[in-house]
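> Here it is: the structure, laid out below.
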Amino acid sequence: MPEESVSAEHHVVIIGAGITGLSCAHSLLTAAPHLRVTLLESQPTTGGVIRTSPFAGLSHVDEGADAFLLRVPFAAQLAKDVGLGSHITSPSSGHASVWRNGLHRLPAGLLLGVPTQLSSLATSRLISPRGKLRAALDVVLPRTSTASDSIGTYMRRRFGNEVHNMLIDPLVGSIYAADTDHFSLEMVPQLSALASSSRSVLLTARGMPKPTAEVAATPIFGAPLTGMGALITATQEAVEKLGGTICLNAHVSSVEPASSDGKYSVHFTANGASETLTANHVVVCSPAKHSAGFFAESAPKVSQLLAQSSHASVVMVALAVPKESLPPTATGSGYLVPKPEQRFITAVSFASQKWAHLNTTESAILRVSLGRDGMPLHEHSDEELTSFVLADIKRHLLVDLEPTALRITRWKESFPQYRPHHVAHVEHLEKQLAEKMPQVLLAGASFRGIGVPSCVQQGVMSAQKIISSI
Ligand SMILES: Cc1cc2nc3c(=O)[nH]c(=O)nc-3n(C[C@H](O)[C@H](O)[C@H](O)COP(=O)(O)OP(=O)(O)OC[C@H]3O[C@@H](n4cnc5c(N)ncnc54)[C@H](O)[C@@H]3O)c2cc1C
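As structure tokens, this is what we get:
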């Protein structure tokens, strides 16, 4: 719509200044500079679960996300739009492993852990001969229903428990901190496309067009050279430059229809004082469970549906160790630990092998993930978590590491868990909300995708919806 036709009085309040809220504000103000846009963020900083800080002599080491998918273009486009285009780098070391009594390289041709070539599975020592034979049955088994909408239920029937436990669950789990038996197939588009296309997953994969040489050579992940925090800082600066207002330490407590004009009152506390903003549109970009209270009085049904969301907690431990203390087997970008083998660690990233810009000191940097859905660990003390990490690494790599620096970040309730039939749940929720408060939108990791590109996409789409409705 033409800029002039958007009234300067039109006020959009965005709750939560994680990547979703920031990208929504950026998109709104880029398309309609005359809008009034206010972001309310309960924490003293923006970024939500994205944070980068100095560690072990390096100026920028991520505490949470360390990359975004490039083939889903929204995060890469945002990075370009906020001036980071020439500062994006990609991992230097590609291959990853799975630990099962030793490190085993992931077989070639996996799609989120799902085998697409029996030949590469056949040569992998990660899976037993019996497990391989069971996986090959996918080609002859009758069609499996996707009605349960559980990744585990579907994939176990197609490939058997071993391939599911050693490949599919660890790969999907490493992205979502999930237990795939209780996780929606529909919410993982690559897998649901394979499952819904035809009877056999392997035959469907064989029939898929092979990527061109150009596509195959294109990096899959990208990240700013100074860490993911740079995307947050650059987007925040762009929002402020475009005239947006970001209120930190502003904890929203409720959203309700205002007395007149179809507007909304957003109540919050800032520095101990109660305040209210009146908005024409509200975009809720805070996690579902934490947003349930906003609607406790104004839309109790919406509140109940939001409160049903579950979130898994994880702990990220960064370690710096002398490079020579890592064994020769510790190659590639890192390894995953499948559930049957898990004690505390779920994944280890050899960060200074994965990223050239972190490979500049005498130390090797490891980023270790602990905990997942069904394995909360954040209640343990720092000393306990440190001993869990060192004991697990000793078991995996057969070395006693002596870290020269160690950083523990607790990400409590940070990974939304998409339970089976999540899509229907969100549609129902949005319908209920639209009936009560049609100009209030929901966006972010809790709803339609957890990855940074998906969060940016949701922010952008909410902005587009608002602009097209003005
Ligand atoms: C450890 C970890 C590693 C990850 N790794 C990757 C990765 O490598 N690649 C990738 O693509 N994705 C990764 N992710 C996922 C991705 O980082 C997140 O899904 C995404 O950043 C979520 O963004 P968001 O804005 O939707 O939510 P959040 O970042 O959770 O932001 C929501 C904001 O709302 C605020 N808020 C909450 N309640 C209120 C209130 N009452 N009032 C005001 N504000 C409120 C919060 O303080 C927060 O700032 C990772 C996530 C974690 C936790």
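Just so we're aligned, residue 1108 is where the sequence shown starts under my numbering, counting upward by one. All C-beta atoms, glycine included, are put in the ideal place defined by N, C-alpha and C. Just so it is clear, the structure is predicted and the values come from calculations on it, not from any experiment.
#1: If you drop the 5 nearest sequence neighbours on each side, which residues of the same chain put their C-beta closer than 8 Å to that of residue 1428?
#2: For the beta strand (DSSP E) that residue 1476 lies in, which residues bound it at each end?
#3: Can you determine whether any heavy atom of ligand 1 sits closer than 8 Å to the C-beta of residue 1358, and answer yes or no?
#4: With 16 other CB atoms within 10 Å as the buried threshold, where does residue 1113 fall?
#5: Ligand 1 and residue 1276: does the residue's C-beta get closer than 8 Å to at least one heavy atom of that ligand?
#6: Is the distance from the Cβ of residue 1312 to the Cβ of residue 1438 below 9 Å?
#7: Run the proximity test for residue 1331: is its beta-carbon closer than 8 Å to any non-hydrogen atom belonging to ligand 1?
#8: So which of 1570, 1186, 1399, 1242 has the shortest CA-CA distance to residue 1229?
#9: Taking only the alpha-carbon atoms, compute the straight-line gap between residue 1385 and residue 1483 and give it to the nearest angstrom.
#10: I'd like to check one pair, residue 1331 with residue 1570: are the Cβ atoms closer than 9 Å?
#11: For the structure I just gave you, are there three or more beta carbon pairs, one from the region 1186 to 1196 and one from the region 1338 to 1350, closer than 8 Å?
#12: If you check the beta carbons only, do residue 1274 and residue 1221 fall under 9 Å apart?
#13: Smallest Cα separation from residue 1464: which of 1168, 1154, 1119?
#14: Just mark residue 1363 as buried or exposed, buried being the case when its beta carbon has 16 or more other beta carbons within 10 Å.
#15: My guess is that residue 1392 and residue 1131 are in contact by the Cβ rule of under 8 Å, so how many angstroms apart are they, rounded?
#16: Apart from the five residues on each side of it in sequence, which residues of its chain come closer than 7 Å, Cβ to Cβ, to residue 1085?
#17: Check each candidate in 1282, 1263, 1269 and name the one with the smallest Cα separation from residue 1288.
#18: Does at least one heavy atom of ligand 1 sit under 8 Å from the Cβ of residue 1480?
#19: Could you give the residue range of the beta strand (DSSP E) that holds residue 1515?
#20: Can you check DSSP and say which residues form a bridge with residue 1159?
#21: Distance check for residue 1506 and residue 1432, CA to CA, integer angstroms please.
#22: Compare the C-alpha of residue 1526 against each of 1389, 1561, 1129, 1286 and name the closest.
#23: Count the CB pairs spanning the region 1246 to 1262 and the region 1298 to 1308 that are closer than 8 Å, and state whether there are at least three.
#24: Taking DSSP as the reference, what is the three-state secondary structure of residue 1290?
#25: Which value, in whole angstroms, describes the spacing of the CA atoms of residue 1408 and residue 1436?
#26: Is it buried or exposed, residue 1213, if we count other Cβ atoms within 10 angstroms and call 16 or more buried?
#27: Measure the CB-CB distance between residue 1126 and residue 1444 and report whether it falls below 9 Å.
#28: Any idea if residue 1109 is buried or exposed, counting beta-carbon neighbours within 10 angstroms, 16 or more meaning buried?
#29: Name the two residues that bound the continuous beta strand (DSSP E) containing residue 1423.
#30: Helix, strand or coil: how does DSSP classify residue 1270 here?
#31: Does the Cβ of residue 1541 have 16 or more other Cβ atoms within 10 Å, making it buried, or fewer, making it exposed?
#32: Can you list, in chain order, the stretches of the alpha helix (DSSP H) that have 4 or more residues and sit fully within the region 1197 to 1248?
#33: Among 1401, 1322, 1371, whose alpha-carbon lies nearest the alpha-carbon of residue 1389?
#34: For the candidate residues 1233, 1198, 1199, whose alpha-carbon lies nearest to that of residue 1215?
#35: Give me the DSSP bridge partner(s) of residue 1482.
#36: With distances taken from CA atoms, which of 1149, 1411, 1133, 1207 is nearest residue 1182?
Working from what's here:
#1: 1470, 1471, 1473, 1508, 1509, 1510, 1511
#2: 1470 to 1477
#3: yes
#4: Note on residue 1113: pLDDT 47, under 50, position unreliable in the model; no value is reported.
#5: no
#6: no
#7: no
#8: 1242
#9: 39 Å
#10: no
#11: yes
#12: yes
#13: 1168
#14: buried
#15: 6 Å
#16: Since the first residue shown for the chain is 1108 and the last is 1577, residue 1085 is missing from the structure and cannot be characterised.
#17: 1263
#18: no
#19: 1512 to 1524
#20: 1169
#21: 8 Å
#22: 1286
#23: yes
#24: coil
#25: 54 Å
#26: buried
#27: no
#28: With a pLDDT of 39 at residue 1109, under the threshold of 50, the predicted position of this residue should be treated as unreliable, though the coordinate-derived value follows. By the neighbour-count rule (16 or more Cβ atoms within 10 Å), residue 1109 is not buried but exposed.
#29: 1417 to 1429
#30: helix
#31: exposed
#32: 1225 to 1229, 1236 to 1243
#33: 1371
#34: 1233
#35: 1479
#36: 1133
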